[in-house]
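The next block holds one structure in the form of structure tokens; read it before the comments.
There are 4 protein chains.
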Amino acid sequence: MTESAHDTLGKPLTGWRLKAYTIIFEADTRAGRLFDQWLIAIILASVALVVFSSVDSIGQKYDSLFNGLEWLFTIAFTLEYVARLACVRHPLRYALSFYGVIDLLALLPTYLALLVPEIHALIDVRVLRLLRVFRVFKLTAYVTEYQSLGRALKGSRRKIMVFLSAVLMIVLVMGTVMYVVEGPANGFSSVPTSVYWAITTMTTVGFGDITPKTDLGRFIASLMMLLGWGTLAVPTGIVTAEMTMRRVEEPTTTRTCHECLTEGHQSEANYCLHCGAMLPAYQRDT
Amino acid sequence: MTESAHDTLGKPLTGWRLKAYTIIFEADTRAGRLFDQWLIAIILASVALVVFSSVDSIGQKYDSLFNGLEWLFTIAFTLEYVARLACVRHPLRYALSFYGVIDLLALLPTYLALLVPEIHALIDVRVLRLLRVFRVFKLTAYVTEYQSLGRALKGSRRKIMVFLSAVLMIVLVMGTVMYVVEGPANGFSSVPTSVYWAITTMTTVGFGDITPKTDLGRFIASLMMLLGWGTLAVPTGIVTAEMTMRRVEEPTTTRTCHECLTEGHQSEANYCLHCGAMLPAYQRDT
Amino acid sequence: MTESAHDTLGKPLTGWRLKAYTIIFEADTRAGRLFDQWLIAIILASVALVVFSSVDSIGQKYDSLFNGLEWLFTIAFTLEYVARLACVRHPLRYALSFYGVIDLLALLPTYLALLVPEIHALIDVRVLRLLRVFRVFKLTAYVTEYQSLGRALKGSRRKIMVFLSAVLMIVLVMGTVMYVVEGPANGFSSVPTSVYWAITTMTTVGFGDITPKTDLGRFIASLMMLLGWGTLAVPTGIVTAEMTMRRVEEPTTTRTCHECLTEGHQSEANYCLHCGAMLPAYQRDT
Amino acid sequence: MTESAHDTLGKPLTGWRLKAYTIIFEADTRAGRLFDQWLIAIILASVALVVFSSVDSIGQKYDSLFNGLEWLFTIAFTLEYVARLACVRHPLRYALSFYGVIDLLALLPTYLALLVPEIHALIDVRVLRLLRVFRVFKLTAYVTEYQSLGRALKGSRRKIMVFLSAVLMIVLVMGTVMYVVEGPANGFSSVPTSVYWAITTMTTVGFGDITPKTDLGRFIASLMMLLGWGTLAVPTGIVTAEMTMRRVEEPTTTRTCHECLTEGHQSEANYCLHCGAMLPAYQRDT
Numbered sequence: 008m009t010e011s012a013h014d015t016l017g018k019p020l021t022g023w024r025l026k027a028y029t030i031i032f033e034a035d036t037r038a039g040r041l042f043d044q045w046l047i048a049i050i051l052a053s054v055a056l057v058v059f060s061s062v063d064s065i066g067q068k069y070d071s072l073f074n075g076l077e078w079l080f081t082i083a084f085t086l087e088y089v090a091r092l093a094c095v096r097h098p099l100r101y102a103l104s105f106y107g108v109i110d111l112l113a114l115l116p117t118y119l120a121l122l123v124p125e126i127h128a129l130i131d132v133r134v135l136r137l138l139r140v141f142r143v144f145k146l147t148a149y150v151t152e153y154q155s156l157g158r159a160l161k162g163s164r165r166k167i168m169v170f171l172s173a174v175l176m177i178v179l180v181m182g183t184v185m186y187v188v189e190g191p192a193n194g195f196s197s198v199p200t201s202v203y204w205a206i207t208t209m210t211t212v213g214f215g216d217i218t219p220k221t222d223l224g225r226f227i228a229s230l231m232m233l234l235g236w237g238t239l240a241v242p243t244g245i246v247t248a249e250m251t252m253r254r255v256e257e258p259t260t261t262r263t264c265h266e267c268l269t270e271g272h273q274s275e276a277n278y279c280l281h282c283g284a285m286l287p288a289y290q291r292d293t
Numbered sequence: 008m009t010e011s012a013h014d015t016l017g018k019p020l021t022g023w024r025l026k027a028y029t030i031i032f033e034a035d036t037r038a039g040r041l042f043d044q045w046l047i048a049i050i051l052a053s054v055a056l057v058v059f060s061s062v063d064s065i066g067q068k069y070d071s072l073f074n075g076l077e078w079l080f081t082i083a084f085t086l087e088y089v090a091r092l093a094c095v096r097h098p099l100r101y102a103l104s105f106y107g108v109i110d111l112l113a114l115l116p117t118y119l120a121l122l123v124p125e126i127h128a129l130i131d132v133r134v135l136r137l138l139r140v141f142r143v144f145k146l147t148a149y150v151t152e153y154q155s156l157g158r159a160l161k162g163s164r165r166k167i168m169v170f171l172s173a174v175l176m177i178v179l180v181m182g183t184v185m186y187v188v189e190g191p192a193n194g195f196s197s198v199p200t201s202v203y204w205a206i207t208t209m210t211t212v213g214f215g216d217i218t219p220k221t222d223l224g225r226f227i228a229s230l231m232m233l234l235g236w237g238t239l240a241v242p243t244g245i246v247t248a249e250m251t252m253r254r255v256e257e258p259t260t261t262r263t264c265h266e267c268l269t270e271g272h273q274s275e276a277n278y279c280l281h282c283g284a285m286l287p288a289y290q291r292d293t
Numbered sequence: 008m009t010e011s012a013h014d015t016l017g018k019p020l021t022g023w024r025l026k027a028y029t030i031i032f033e034a035d036t037r038a039g040r041l042f043d044q045w046l047i048a049i050i051l052a053s054v055a056l057v058v059f060s061s062v063d064s065i066g067q068k069y070d071s072l073f074n075g076l077e078w079l080f081t082i083a084f085t086l087e088y089v090a091r092l093a094c095v096r097h098p099l100r101y102a103l104s105f106y107g108v109i110d111l112l113a114l115l116p117t118y119l120a121l122l123v124p125e126i127h128a129l130i131d132v133r134v135l136r137l138l139r140v141f142r143v144f145k146l147t148a149y150v151t152e153y154q155s156l157g158r159a160l161k162g163s164r165r166k167i168m169v170f171l172s173a174v175l176m177i178v179l180v181m182g183t184v185m186y187v188v189e190g191p192a193n194g195f196s197s198v199p200t201s202v203y204w205a206i207t208t209m210t211t212v213g214f215g216d217i218t219p220k221t222d223l224g225r226f227i228a229s230l231m232m233l234l235g236w237g238t239l240a241v242p243t244g245i246v247t248a249e250m251t252m253r254r255v256e257e258p259t260t261t262r263t264c265h266e267c268l269t270e271g272h273q274s275e276a277n278y279c280l281h282c283g284a285m286l287p288a289y290q291r292d293t
Numbered sequence: 008m009t010e011s012a013h014d015t016l017g018k019p020l021t022g023w024r025l026k027a028y029t030i031i032f033e034a035d036t037r038a039g040r041l042f043d044q045w046l047i048a049i050i051l052a053s054v055a056l057v058v059f060s061s062v063d064s065i066g067q068k069y070d071s072l073f074n075g076l077e078w079l080f081t082i083a084f085t086l087e088y089v090a091r092l093a094c095v096r097h098p099l100r101y102a103l104s105f106y107g108v109i110d111l112l113a114l115l116p117t118y119l120a121l122l123v124p125e126i127h128a129l130i131d132v133r134v135l136r137l138l139r140v141f142r143v144f145k146l147t148a149y150v151t152e153y154q155s156l157g158r159a160l161k162g163s164r165r166k167i168m169v170f171l172s173a174v175l176m177i178v179l180v181m182g183t184v185m186y187v188v189e190g191p192a193n194g195f196s197s198v199p200t201s202v203y204w205a206i207t208t209m210t211t212v213g214f215g216d217i218t219p220k221t222d223l224g225r226f227i228a229s230l231m232m233l234l235g236w237g238t239l240a241v242p243t244g245i246v247t248a249e250m251t252m253r254r255v256e257e258p259t260t261t262r263t264c265h266e267c268l269t270e271g272h273q274s275e276a277n278y279c280l281h282c283g284a285m286l287p288a289y290q291r292d293t
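Residue numbers (this note's numbering), protein chains in the order written: chain A, 8 to 293; chain B, 8 to 293; chain C, 8 to 293; chain D, 8 to 293.
Structure (structure tokens):
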């Protein structure tokens with residue numbers, strides 16, 4: 008990849024933009040770590056605010072205080088979001104990335120709640136921003152574990168899909184059978200409701216809000232439980248078999264490619280392993 | 008196997024029957040794939056129809072529309088079933104095969120519902136026809152995973168039966184004990200009901216529609232739960248041990264023997280691996 | 008072991024006693040297999056009788072018929088028990104063996120029910136006699152699986168005990184804490200009841216007959232559920248680890264030592280592998 | 008480590024202090040074993056006392072008897088605690104050690120209950136003192152199993168934390184979504200309550216005290232259950248993978264270092280493996 012190709016995508020980061028980028032997007036310098044630690048503190052405070060304000064006895068007492076704090080947090084997050092857009096090379100690409108979408112989702116509920124008050128509590132989506140926590144504490148090892156878990160799940164992706172499709176078929180057929188056997192009189196008011204009951208039973212959750220009353224219904228329910236019991240063994244077997252064969256690998260950094268926002272380049276890397284763009288010199292202090 | 012042996016079983020497929028067979032039963036030509044894709048779309052639409060028509064608020068509003076659509080689907084499926092019977096070499100053998108039975112079961116409820124309206128919802132059995140989905144999308148890998156799961160279950164078949172028989176005995180004895188201890192006054196109205204409760208408890212479903220009220224009953228229930236907890240580990244252990252020792256094998260096709268309807272012959276195969284009948288030249292485009 | 012030693016224990020089986028022993032205790036001759044098959048059929052009929060007679064609608068209708076049949080079965084089992092005592096070399100040893108105790112327990116409820124009618128349903132203990140089923144169908148392979156499962160459990164015996172003792176302590180402490188936090192007003196009426204609730208929660212059964220109502224109680228319950236979730240993994244891990252390392256061994260017969268009633272001697276064995284007593288020639292037809 | 012270093016920490020144990028130490032803290036001499044056996048008997052009696060006195064029907068009848076016994080046990084435990092402090096080289100270090108804190112916690116509730124009667128039942132914390140049981144019965148093998156279990160959990164510590172943090176985020180987001188969808192009218196009265204419900208559902212406990220009533224709520228609940236089902240597989244996979252790779256090691260004694268209270272030195276050890284202090288000659292009889 009040549010420099011001219013870079014020009015067509017956006018100017019390489021220099022001056023304050025490079026500095027801001029290193030602070031906001033990475034966490035290997037002191038300033039970057041400090042920024043992320045404050046960010047996480049504010050996210051946690053903001054989530055706690057929503058949780059407590061939903062409790063009637065607390066929420067009504069400090070109503071105006073909570074309201075003020077929430078707008079404070081939302082404005083802070085809005086400023087941060089704008090700053091991220093400003094210092095990144097390809098704002099649109101960031102806006103559409105995984106973290107970009109979450110960052111936006113964390114802002115929207117407060118503004119939308121002006122129009123539709125009910126969705127106010129959805130501000131809790133902010134908790135997803137905590138996924139950044141793995142980056143802040145330099146928890147390289149944890150990131151590796153995370154990736155190891157993710158890879159085990161990915162490796163057994165197809166087995167899990169086959170398994171899920173089988174479960175969905177069973178649940179639909181059994182739900183329909185129970186709808187026919189028990190009928191609306193015993194709480195099985197429609198096929199979707201019966202399927203909900205069947206899932207409740209197969210996963211051994213068993214709320215008990217809907218339960219079979221007839222002898223035949225109980226007999227079928229018993230079969231389903233024993234079946235669900237055996238079936239529980241399958242995903243466990245899949246994941247376990249996958250995990251016993253996988254071992255963790257070398258640690259990574261929080262360096263982020265300026266082009267495609269891929270994370271975790273090694274400290275000695277010069278080019279992005281994903282898009283081939285040149286990486287700036289590694290910023291670090293310890 | 009000689010040609011004369013074939014004559015006694017039915018004429019080898021030629022002309023329009025071979026063509027129809029390749030389209031309806033296989034999915035390696037473009038026409039065959041298209042046929043199966045349309046089939047799945049109709050199956051899904053037909054199942055969705057039954058599910059939504061069972062919801063009172065929707066079902067009563069569009070009653071006549073739903074009724075019309077259902078007869079349309081049923082007639083389409085009936086035609087397809089007849090076509091399958093017509094182009095296969097041994098119609099009876101197909102009718103008694105796994106897919107043949109399911110295909111018939113998918114038709115019956117609509118016709119039977121004319122006599123017994125209650126079983127109308129059983130049309131949902133149609134969802135089982137979706138088992139063909141694995142074939143349509145050429146999901147060879149998924150089929151392999153499916154077989155791998157199936158083989159793991161088959162390999163531990165005997166262990167699972169021994170385990171199930173032990174569980175059934177425990178459940179019968181414990182159910183009887185609880186019937187004696189708690190009695191009809193506390194909801195344990197008969198031995199079958201108590202056994203239903205015991206299964207509910209051992210599988211950790213725990214609906215809560217029947218619960219022990221006496222101290223002794225609660226003590227026995229506690230023991231059963233701890234026992235059920237440990238027992239849950241057994242099927243998991245069986246399946247996991249089986250799965251860690253099995254690896255998937257080479258991909259397969261959707262070629263189906265004209266004689267015995269065995270699926271999945273390799274593209275270079277000349278004879279059926281199950282009954283030894285000669286396979287016609289492999290039809291494929293990519 | 009010399010012949011004189013045998014004399015002190017009881018005469019070696021000869022004549023009708025040897026014949027009866029081979030029929031009643033073993034299942035490798037045709038007569039022996041027939042005897043056991045009939046026995047199992049009667050056991051199943053007898054258990055079904057008790058189960059159905061407990062259902063009010065059926066039980067009251069055929070009251071006298073059920074009563075008559077039950078006495079018939081009980082007398083048949085009593086005769087069989089006496090025959091077993093008569094043809095075995097050491098009657099007391101048989102009476103105290105595992106199967107001997109079960110055989111006796113299967114008789115007692117009917118006789119005792121003359122005095123205490125409530126325990127009548129305990130006749131279902133008869134189902135345990137079905138453990139003999141593994142012997143009848145010459146399910147040698149199943150027996151091996153059974154032993155394999157048993158050995159896996161036995162091998163992890165100590166781990167399971169350590170685990171169970173830890174669970175019992177947690178459950179007692181958490182139950183007490185919930186008793187203090189929620190109190191009798193919310194259904195946690197005593198420490199045993201709270202411990203019952205704690206077991207219900209840790210094992211993920213969750214009946215819902217007793218549930219926390221206060222915020223603190225719900226917080227503690229949430230911690231317990233997450234803890235219980237993680238803990239579920241431990242017995243599974245133990246059993247799976249044990250099972251992946253064990254493989255099944257060679258098949259066995261149903262030959263039973265006349266001295267100590269040890270089962271499963273190999274067909275070419277001359278002496279009991281447990282007590283060293285001489286085994287009579289192997290009776291078999293196939 | 009020289010003798011002068013020891014002087015600065017406390018005098019080496021001699022005379023009655025060494026004797027008392029060997030009896031109270033170790034269990035390899037006859038007197039030491041006897042002491043611990045009595046201790047466990049008293050702990051069990053004391054716990055049983057609290058459990059039974061909480062049952063109304065029993066508790067009110069023998070109120071004064073239970074009260075007297077409890078003070079007797081508490082005074083016995085207080086004396087034992089003082090004796091431990093007296094004969095150990097570094098009383099403060101013992102008081103702050105794991106067992107020291109538990110020993111103190113076992114005393115406090117009785118004294119505090121004079122001020123706050125409600126916490127009376129917390130005396131059950133005494134059951135934790137039973138952790139000493141592993142020592143008393145010289146269950147070396149069990150201790151090893153215990154350590155083996157502990158090490159497996161420790162080895163997968165980071166994986167479990169990553170997993171738990173992911174679960175907490177999911178539970179918080181899903182709880183909030185359900186609070187918005189179902190609302191206080193259907194029992195989801197606040198975000199903490201909804202999170203409690205979400206944990207109940209994900210862990211498959213399913214009390215059923217709060218259940219979704221709307222169709223959308225039930226659909227989301229169904230997704231959560233299937234998700235929870237798959238997620239159950241992860242901790243199992245982690246622990247199993249860890250356990251299949253770990254094997255137990257050599258047996259240990261109950262020798263306890265006089266300096267730092269580390270347990271389990273080998274019988275031939277001369278110096279503490281933790282702090283390097285000289286160990287007195289090993290006291291043992293068998």
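We put the CB at the ideal spot given by N, CA and C, even for glycine.
Taking 9 Å as the cut-off between beta carbons, the residues of the region 190-212 of chain C near chain A are Thr211, Val212, in sequence order. Collapsing the DSSP output to three states places threonine 200/C in a helix. Annotation: glycine 224/B has no Cβ neighbours in chain A at a cutoff of 9 Å; minimum Cβ distance is about 18 Å. By the CB criterion at 8 Å, proline 199/C and valine 58/D fall inside the cutoff.
Per DSSP, the unbroken alpha helix (DSSP H) holding arginine 165/B starts and ends at 164-189.
Closest option to leucine 92/B, judged by alpha-carbon separation, among Gly107/B, Trp78/B, Ile167/B, Met250/B: Gly107/B. Straight through space, the alpha carbons of leucine 20/D and arginine 37/D are spaced by roughly 20 Å. Among the residues facing chain B, proline 98/C is not included, as its CB has no counterpart in that chain under 8 Å away.
At a cut-off of 8 Å, the C-beta of alanine 83/D has no neighbouring C-beta in chain A. Within the same chain, and ignoring the five residues on either side of serine 163/B in sequence, the residues whose Cβ sits closer than 7 Å to its Cβ are Ile245, Val246, Glu249. Two segments are said to touch when three or more pairs of C-beta atoms, one from each, lie closer than 8 Å; by this definition the region 37-56 of chain D touches the region 75-83 of chain D. Nearest CB-CB separation between glycine 215/A and chain C: below the 8 Å threshold.
Its chain contains Leu56 as the residues whose beta carbon lies nearer than 7 Å to that of leucine 76/C, once the 5 sequence neighbours on both sides are disregarded; these appear in chain order. Counting only the Cα atoms, alanine 173/A lies some 60 Å from tyrosine 118/D. Neighbourhood of leucine 129/A in chain D, by CB distance below 7 Å: Thr183, Val187, in chain order.
With respect to chain C, the C-beta atom of isoleucine 109/D has no partner C-beta closer than 8 Å. Membership of glycine 215/C in any alpha helix (DSSP H) is not indicated, and neither H nor E is assigned to it by DSSP. Nearest to methionine 232/D by C-alpha distance, out of Gly66/A, Met209/A, Ser201/A, is Met209/A.
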